[in-house]
Structures are given as C-alpha cells and as structure tokens.
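Colleague:
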Amino acid sequence: MKAKSENNGEVQREHGDHSSRSRPSILRRAFSSAFGLQPSALFRALALALPVAFLALFFLYPLATILWLGLAGSGAGLAALADGYYWRVLWFTTWQAALSTALTLLAALPAAFVFARYTFPGKSLLRALAGVPFVLPTVVVAAAFGALLGPRGALNTLLQALLRLDQPPIQIGNTLALVLIAHVF
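Note that the working numbering has the sequence shown beginning at 13, numbered continuously upward.
1) With a threshold of 7 Å on Cβ separation, who are the neighbours of Leu115 within its own chain once the five nearest residues in sequence on each side are excluded?
2) Give the straight-line distance between the Cα atoms of Phe104 and Gly143, rounded to the nearest whole angstrom.
3) Am I right that Ala119 and Phe157 are in contact with their C-beta atoms under 8 Å? What's the rounded C-beta distance?
4) Going straight from the alpha carbon of Pro180 to that of Pro163, what length do you get?
5) Kindly provide the ranges of any alpha helix (DSSP H) runs that are 4 or more residues long and lie completely inside the segment 97-149, ordered along the chain.
6) Pull up the CB-CB distance for Leu90 and Leu83, whole angstroms please, since I reckon it's below 8 Å.
7) When the Cα atoms are used, what is the spatial distance from Gln172 to Leu188?
8) Span of the alpha helix (DSSP H) holding Leu72?
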C-alpha cells in the first residue's frame with residue numbers, strides 16, 4: 013500500500029517496508045539466543061513464575077513449617093493422634109462445619125431464587141442488609157448476638173416479661189446451636 017507524504021509528495025510504504033522495524037533487533041536476537049525463548053514466551057513464563065513463587069513463599073513454606081513443627085517437633089505430634097480426644101474434636105469440627113454449610117444453603121438458596129426472580133417492595137433494602145454480615149467485624153457480631161440472645165439479652169427479657177417466666181427461655185450460650193446460628197448469619 014502506498015501513500016503520498018504531505019510534505020513533499022514522496023511515496024512512502026506503510027506496509028511491507030523491510031526497514032529495521034521488521035527485522036529482529038540485536039537485543040531481541042541476543043535475548044532469545046541467551047534464554048532460548050522469545051520475549052513473549054519469556055513474559056508468559058515470568059507472569060506464571062512470579063505468582064507461583066509468591067504462593068510458595070507466603071503460603072506453602074509457612075504451611076509446611078507448621079506441619080513439620082506440629083508433627084515432628086517437641087509437642088505431642090503424631091502421638092496425639094492416638095488419643096481419642098483429638099479424634100472426637102476432629103469429628104465434631106467436621107460434623108459442625110457440614111451442618112453449618114447445609115443450614116446456610118437451606119437459607120440462602122431460596123432467598124437467592126426469590127431475589128433473582130421476583131420484584132417486591134423493599135428488595136433493595138433487603139439486598140443491602142444481606143451484605144451486612146460480610147462487613148461487620150466478628151467482635152461486633154458476637155456482642156450483638158450476646159445482647160440479643162444472651163440470658164439478659166433483649167429477646168429473653170421480652171419473652172420473660174410477656175410470658176411471665178422466672179428463667180430466660182432461650183439458653184443457648186456455649187452450645188452447638190449458638191455456633192450454628194453464628195455461622196449461618
């Protein structure tokens with residue numbers, strides 16, 4: 013393709029020019045012969061190597077160190093696995109996590125379906141409130157649950173007054189129910 017220059021009417025080639033731009037530069041040739049890679053391939057290799065190195069340094073190395081010190085260190089190590097107490101704790105943790113997940117799905121999936129399919133008054137407000145648990149600090153959530161569900165919490169005080177009870181009707185402090193409520197929240 014040819015185009016006339018506005019300066020003096022010379023004909024210049026836009027494409028197909030075999031100037032130094034189309035030939036590999038000395039630096040590029042030296043680089044590819046030194047590393048055996050084209051710059052684009054080297055860039056891809058570095059783009060992959062840097063995150064892998066970061067993960068290895070800040071995730072895998074500390075994890076391997078913790079495992080090594082926990083299993084081979086001066087602590088209980090592998091001998092702890094012979095104790096039934098640790099197996100019960102491991103089983104409770106696994107069971108409680110599975111139950112928390114199931115309850116969360118039972119609450120979240122129908123809500124997500126309703127939010128996706130229907131329009132109703134207050135939908136924007138409810139959607140905004142659904143994000144609150146993700147931005148509140150854990151300490152604030154724990155204090156709120158204590159103020160609401162504790163033995164002298166707002167809900168127990170209200171129920172005691174309405175039902176004329178001597179003892180608080182909701183006593184879930186330090187129980188599995190409280191852990192599940194907190195996880196589902």
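Each residue gets a CB set at the ideal place from its N, CA and C atoms; glycine is no exception.
Modeller: So, from the data block:
1) Within the same chain, Leu192 and Val196 come within 7 Å of Leu115 by CB-CB distance, once the 5 residues on both sides are set aside.
2) 29 Å
3) Separation of the CB atoms of Ala119 and Phe157 is rounded to 16 Å, and the pair is thereby denied contact status at 8 Å.
4) 6 Å
5) 135-142 and 144-147
6) Right, their Cβ atoms sit about 6 Å apart.
7) 23 Å
8) Note, Leu72: premise wrong, no alpha helix (DSSP H); not H, not E.
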